[in-house]
Amino acid sequence: MMSFESKNLFSFPVNKKATILLLSVVFFFASNAHDVFAQKRFSKSYPAGENIRLQLMNRSGTITVEGWNKKQVQISASLEKPVAQIIPRYLNGTILINVIQDNKGSEIGDTNFDIKVPYYSSIDIETGIGNLNVSNVQGGLVRAHITTEGDIRLINIGASSVSAENIIGDIFYDGFIQEGGIYSFRSMRGNISMRIPFQSSFRLVATAPSTRNISLGSFASAGMSLVGNGRRVVGKVGSGNASLTVTNHRGNISFIRR
Amino acid sequence: MNCEKCQNLISVYIDGDLEAQESQAMQTHFSVCAECAKLHEDFASILGFCDKTFTEDSIPPNPQALWCRINNIIESETDAELATEEKKQEEVKRNLFSRIWNSKLQFYPSQIVSSFIGIALISSLLTVVGIKNFSAPNGDQAVTAEPTFLEKGLAKIGVIETPQQIFEHKLKQRRAAINYWKKRVETRRTFWNSQMREAFDRNLNVIDKSVSEYTEILQEDPQDSISSEMLDSALNEKMELLREFSEL
Numbered sequence: 000m001m002s003f004e005s006k007n008l009f010s011f012p013v014n015k016k017a018t019i020l021l022l023s024v025v026f027f028f029a030s031n032a033h034d035v036f037a038q039k040r041f042s043k044s045y046p047a048g049e050n051i052r053l054q055l056m057n058r059s060g061t062i063t064v065e066g067w068n069k070k071q072v073q074i075s076a077s078l079e080k081p082v083a084q085i086i087p088r089y090l091n092g093t094i095l096i097n098v099i100q101d102n103k104g105s106e107i108g109d110t111n112f113d114i115k116v117p118y119y120s121s122i123d124i125e126t127g128i129g130n131l132n133v134s135n136v137q138g139g140l141v142r143a144h145i146t147t148e149g150d151i152r153l154i155n156i157g158a159s160s161v162s163a164e165n166i167i168g169d170i171f172y173d174g175f176i177q178e179g180g181i182y183s184f185r186s187m188r189g190n191i192s193m194r195i196p197f198q199s200s201f202r203l204v205a206t207a208p209s210t211r212n213i214s215l216g217s218f219a220s221a222g223m224s225l226v227g228n229g230r231r232v233v234g235k236v237g238s239g240n241a242s243l244t245v246t247n248h249r250g251n252i253s254f255i256r257r
Numbered sequence: 000m001n002c003e004k005c006q007n008l009i010s011v012y013i014d015g016d017l018e019a020q021e022s023q024a025m026q027t028h029f030s031v032c033a034e035c036a037k038l039h040e041d042f043a044s045i046l047g048f049c050d051k052t053f054t055e056d057s058i059p060p061n062p063q064a065l066w067c068r069i070n071n072i073i074e075s076e077t078d079a080e081l082a083t084e085e086k087k088q089e090e091v092k093r094n095l096f097s098r099i100w101n102s103k104l105q106f107y108p109s110q111i112v113s114s115f116i117g118i119a120l121i122s123s124l125l126t127v128v129g130i131k132n133f134s135a136p137n138g139d140q141a142v143t144a145e146p147t148f149l150e151k152g153l154a155k156i157g158v159i160e161t162p163q164q165i166f167e168h169k170l171k172q173r174r175a176a177i178n179y180w181k182k183r184v185e186t187r188r189t190f191w192n193s194q195m196r197e198a199f200d201r202n203l204n205v206i207d208k209s210v211s212e213y214t215e216i217l218q219e220d221p222q223d224s225i226s227s228e229m230l231d232s233a234l235n236e237k238m239e240l241l242r243e244f245s246e247l
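As they're listed, the protein sequences go chains A and B.
Quick note on numbering: numbering that gives the first Met the number 0 labels position 131 of the first sequence as 130, and the sequence is numbered without any gaps.
Quick note on numbering: numbering that gives the first Met the number 0 labels position 45 of the second sequence as 44, and the sequence is numbered without any gaps.
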């Protein structure tokens with residue numbers, strides 16, 4: 000009995016201390032975790048005409064650009080710590096955001112952009128590392144460039160000048176080939192997939208020197224010829240008004256009918 | 000006063016620098032000594048002449064006018080010399096022209112034919128060089144075909160560059176640029192975070208793999224146009240990667 004009482008008397012303060020200690024540890028980690036995973040948000044809107052041009056240079060992070068039926072550009076970004084400085088500039092119909100220039104010499108975390116633009120905008124985006132997604136854009140130019148690695152997805156694009164480049168990562172183009180347009184897709188390692196309408200008309204130079212895997216699908220015809228032991232396919236589809244160049248150094252190229 | 004002392008003092012006497020007493024003694028001696036009187040007369044006349052000449056000729060009446068006169072004389076003489084020189088040259092030219100005009104140019108048919116062939120060859124060479132130089136700036140053109148015999152010949156004498164040489168030259172420039180950016184990247188690398196460094200190394204490794212593959216193929220077959228083009232493209236990618244990362 001004596002021992003029971005003494006055990007109870009002794010054990011209660013120990014449990015209390017332990018609980019307090021545990022709570023303080025949990026609180027400490029929770030507060031730190033908040034710091035680690037905290038994201039800042041950036042948001043800005045611009046009234047815009049239909050033919051606006053967006054030029055964005057990012058250091059790391061995903062960029063998503065989507066065309067919408069509004070005469071307005073809406074820029075949203077989530078910034079990971081250390082937070083980057085974003086200073087958009089609006090000059091002569093061009094919205095320019097240069098995260099690299101504005102944060103030169105300082106370490107910054109990923110900056111993930113989500114931008115809405117009018118349908119007929121021109122888009123010129125690039126990032127050091129990260130994915131690039133552009134959809135529903137019908138303006139004159141779409142250029143997506145990743146300095147190192149990341150996937151590029153260009154969906155429902157109607158631009159007459161399209162260019163996509165990365166080193167490691169897949170490129171997927173799902174859009175139209177305009178008459179007289181220039182289309183260039185280049186990757187060092189990854190798969191390049193082209194989903195274009197069957198009625199498209201273009202001159203094709205597709206090169207996959209390492210895999211020699213160039214799948215023309217429905218676009219295979221007598222007008223196409225293999226060059227350099229199957230490393231390159233050259234030919235014309237339709238009247239061949241547009242120019243389509245696809246180069247994949249160490250990956251596959253495939254064409255799919257839209 | 001004796002003759003010796005008198006003759007010693009004659010010039011001082013003529014200048015009027017003697018004292019009155021001595022001057023009187025001189026005059027007395029002249030009246031009694033015909034020889035000294037004659038010497039005095041001669042000295043006086045010489046000095047008088049000298050004085051007259053000096054005052055008349057040593058100072059020109061109008062120095063500016065005199066200088067103008069001298070200048071005119073010099074100029075007229077120089078003009079005369081130049082005119083003579085020109086006349087001589089004109090004469091030489093006239094002689095040469097008349098010699099050529101009057102000479103009978105005689106060419107043999109073989110000489111005419113060979114000169115025509117020579118002109119045709121030179122003009123065709125110049126055309127080829129012109130075309131080559133015109134198409135050379137197109138950097139995307141890779142080694143396409145075996146150079147022709149004419150191209151090889153011209154390349155050997157250094158008149159033109161073969162596509163192969165152009166390509167090699169371009170590669171050399173690319174490699175020099177890559178080395179430059181590589182050095183800059185090395186200095187910036189410490190400022191990147193680990194994620195950046197890993198990504199850079201991974202991507203550079205992929206490019207380097209391709210570069211070494213294409214280089215190997217080209218060592219076996221230097222005329223492989225696709226590999227040349229791809230090597231150029233891969234080196235360009237590498238340069239861009241280095242350049243962009245050197246600015247981070």
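Glycine is no exception: its CB is placed at the ideal position from the N, C-alpha and C atoms.
- For V245 (chain A), same chain residues with a beta-carbon under 6 Å away, outside a window of 5 residues either side, are F184, I191, A205 and I252 in chain order.
- Beta-carbon to beta-carbon, E148 (chain A) and A233 (chain B) are separated by about 16 Å, too far to satisfy the 8 Å threshold.
- Taking a beta-carbon distance threshold of 8 Å, G237 (chain A) does not count as an interface residue toward chain B.
- Using a Cβ distance threshold of 8 Å, T126 (chain A) and A76 (chain A) do not count as a contacting pair.
- Taken atom to atom, the span from the alpha-carbon of T63 (chain A) to that of L149 (chain B) is near 56 Å.
- If you draw a straight line from the Cα of Y213 (chain B) to the Cα of S105 (chain A), it is about 38 Å long.
- Here the alpha carbons of Q137 (chain A) and N240 (chain A) stand approximately 19 Å from one another.
- Closest by C-alpha distance to I170 (chain A), out of A:G139, A:L203 and A:V133, is A:V133.
- CA-CA distance, R231 (chain A) to F115 (chain B), rounds to 47 Å.
- The beta carbon of A176 (chain B) sits no closer than 8 Å to any beta carbon of chain A.
- Counting along the chain, D207 (chain B) sits inside the alpha helix (DSSP H) bounded by residues S193 to E219.
- Per DSSP, the unbroken beta strand (DSSP E) holding H144 (chain A) starts and ends at L140 to I145.
- Per DSSP, the unbroken beta strand (DSSP E) holding E125 (chain A) starts and ends at S121 to I128.
- Within the model, the alpha-carbon separation for N102 (chain A) versus V158 (chain B) is close to 51 Å.
- Taking the C-beta atoms as reference points, G216 (chain A) is found no nearer than 8 Å to R257 (chain A).
- Rounded to the nearest angstrom, the gap between the Cα atoms of Q100 (chain A) and I86 (chain A) is 10 Å.
- Taking one beta carbon from each stretch, the segment 33 to 51 of chain B and the segment 4 to 13 of chain B have 3 or more pairs nearer than 8 Å; the two touch.
- Residues of the segment 160 to 174 of chain A with a C-beta less than 7 Å from any C-beta of chain B: I166 and I167, listed in chain order.
- Inclusion of R142 (chain A) and M187 (chain A) in the CB contact set at 8 Å is not warranted, their separation being larger than that value.
- Where S209 (chain A) is concerned, there is no enclosing beta strand (DSSP E), because DSSP gives it neither an H nor an E.
- Sequence-distant Cβ neighbours of Q164 (chain B) in its own chain, meaning closer than 8 Å and more than five residues away, are A154.
- Counting of Cβ neighbours within 10 angstroms places L230 (chain B) among the buried residues, the total reaching 16 or more.
- For F199 (chain B), the nearest CB of chain A lies under 8 Å from its own CB, placing it at the interface with that chain.
- Rounded to whole angstroms, F218 (chain A) and S242 (chain A) show a C-alpha spacing of 15 Å.
- The beta carbon of S162 (chain A) sits closer than 7 Å to the beta carbons of R142 and S183 from its chain, once the five residues preceding and following it are set aside; these are given in chain order.
- Within the same chain, and ignoring the five residues on either side of C32 (chain B) in sequence, the residues whose Cβ sits closer than 8 Å to its Cβ are C2 and C5.
- Minimum Cα-Cα distance from R211 (chain A) among the listed residues B:V205, B:S226, B:S211 and B:T189 corresponds to B:S226.
- Below the 8 Å Cβ cutoff, chain A contributes I166, I167, M187, R188 and R249 as neighbours of V205 (chain B), in chain order.
- Using a CB distance cut-off of 8 Å, G227 (chain A) counts as an interface residue toward chain B.
- Sequence-ordered contacts of the segment 223 to 241 of chain B with chain A read D223, S224, I225, S226, E228, M229, S232, A233, E236, E239 and L240 [C-beta pairs closer than 9 Å].
- Beyond the five residues adjoining it in sequence on each side, A207 (chain A) comes within less than 6 Å, by CB distance, of I213, N247 and I252 in the same chain, given in chain order.
- Within the same chain, S44 and K115 come within 6 Å of Q73 (chain A) by CB-CB distance, once the 5 residues on both sides are set aside.
- According to the DSSP secondary-structure assignment, F171 (chain A) is paired through a beta bridge with A:R152 and A:S192.
- Residue state for G66 (chain A) is assigned as strand, using DSSP reduced to three classes.
- In the structure shown, S105 (chain A) falls within a coil segment according to DSSP collapsed to helix, strand and coil.
- Relative to the Cα of I176 (chain A), the nearest Cα in the group A:I166, A:I156, A:I167 and A:G168 belongs to A:I156.
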